[in-house]
Amino acid sequence: MGAAAEMLGVTPTFLRALGAAHLIEPKRSGGGHRRYSRYQLRLAARARELVDQGTPVEAACRIIILEDQLAEALRINAQYEQRERGRERPTGS
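Residue 349 is where the sequence shown starts when you use the numbering used here, and the numbers rise one by one after that.
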């Protein structure tokens, strides 16, 4: 946790707050140390940006969760539209 906090320029307390808000849930090593994925570190960095702009931690976490859900919905919608375009056959004269 200390290495991740240092890399992001935050405190371990900040990372624990993100965990308490259910934004990131790191895996645990055999010795009980928290292990963060690159994706989780990106989320934590985004949370730091929002908090640095004055957004409360809980609100920042909710914003990030909603941004992530929107990105996933847009990705799924694009796949659906692509499939639908593939099904459309031009009608010839």
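Note that CB positions come from ideal geometry on N, CA and C, so glycine has one too.
Alpha carbon to alpha carbon, what distance is there between residue j and residue i?
i    : j    : result
E429 : R435 : 10 Å
E376 : Q417 : Residue identity check: residue 376 is Arg in the sequence provided, not Glu. Answer to the nearest angstrom: the Cα atoms are 25 Å apart.
L356 : G379 : 23 Å
Along the chain, where does the alpha helix (DSSP H) containing residue i start, and where does it finish?
i    : result
G378 : Unbroken run through G378: none, as it is neither H nor E.
L418 : V405 to R435
M349 : Per DSSP, M349 belongs to no alpha helix (DSSP H) and is neither H nor E.
V399 : R386 to D400
L371 : No alpha helix (DSSP H) holds L371; DSSP gives it neither H nor E.
Exercise for the section: Examine the Cβ distances between the stretch 377-385 and the stretch 415-422 and report whether three or more of them are shorter than 8 Å. Expected result: no
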